[in-house]
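Working notes, structure below.
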Amino acid sequence: MFAPEAEAVARWRVARPSRPGRLPGVRMAGFRDRGAGPVDVRVVPHPAVTLALGFGDGPLVVDAATGRQRQGSLVTGFMHGAVRVRGERVECVQVRLSPVTAHAVLGVSPAELDHVAVTLDDLWGRGAARVREQLAGARSWPDRFALAEALLTRRLETAKTAVEREVAWAWHRIARTRGRVRIDELAVELGWSRKRLWSRFRTQIGLAPKRAARLVRFDHAAHRLAAGEDPAGVAVGSGYVDQPHLHRDVVAFTGVTPAVLAGRTWLAVDHLAW
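Residue numbers for the sequence shown follow the numbering used here, beginning at 167 and rising by one.
The following block contains the structure:
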């Protein structure tokens, strides 16, 4: 039986940019399945909006937790619950967007993408087909990454919407502390009421502040579990009250136990790509 990382290597060819990108809040990786049969993986929730720019012979299919199915180049919000990714002969550039950056790049708030997957055609119209053609015509992964970065740069430069500076600051503070900051403290530091922070943050980021902190903390813990660390140590080191608290959060976000989560192939792919 394959270990998760060995299985990920057997399933995917993963490409990474040779240098950090110039755009804040944007990370990229390239995926090409090795043709060893259909791809069918469960996605682990992550504190980013994901843009999958497909250009291969086979479509990428996402089965959302709501039961809705979409295929093609896709945009998914914060993935909660049993989200599946399927396909054959899949090739794509996957872009992870900070919710602060996603608001400008996509032209919609991540709040409108919560629990759903939408096609790029839905958001960008005919421009989505041009992106696919350009990526398919590129000769190498560096060329594809350069094309994707140029696309995102143009959209940022012409963006008509943006997250408020105070909301962006609150998100970055949550991310830097790995979800271990008190929301009341954020409101006090901003000089806002808790109600105002909750309303602005939820509308522009897509999650309530406390939920965002939980997701960031969970993400940190999930990667430590996948690295083989002891659940009790992960709980303490990630800011949970105790191991049962970690267990409850993992089940709430994924529907599985920490032991099952640690063996999920998607986390191994995550490690290879990012």
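Note that CB positions come from ideal geometry on N, CA and C, so glycine has one too. Computed from a predicted model, the values in this text were never measured in an experiment.
Quick check: the segment 360-377 against the segment 394-413, are at least 3 beta-carbon pairs closer than 8 Å? no
Between the Cα of Gly-273 and those of Gln-237, Arg-200, Ala-328, Gly-399, spot the shortest distance and give me the residue it belongs to. Ala-328
Val-422: which of Asp-199, Gly-201, Val-209 sits nearest, CA to CA? Val-209
Exposure label - Val-354; buried when at least 16 CB within 10 Å: exposed
For Leu-286, which three-state DSSP category applies? helix
What does the alpha-carbon distance come out to for the pair Glu-299 and Ile-371? 31 Å
Sorted by chain position, which residues of the same chain lie with C-beta nearer than 8 Å to Leu-289's C-beta, five sequence neighbours on each side aside? Val-241, Leu-272, Gly-273, Val-274
Helix, strand or coil: how does DSSP classify Thr-431 here? helix
For Gly-293, name the three-state secondary structure that DSSP assigns. helix
Use the C-beta contact count for Ala-418: other C-beta atoms within 10 angstroms, 16 or more gives buried, fewer gives exposed. exposed
How many Å lie between Pro-213 and Gly-303 at the Cα? 31 Å
Closest to Val-256 by CA distance: which of Pro-265, Thr-324, His-269, Leu-219 is it? Leu-219
Name the residue from Leu-427, Trp-178, Ala-195 whose alpha carbon lies nearest to the alpha carbon of Arg-126. No answer is possible for residue 126: the residues shown for the chain start at 167 and end at 440.
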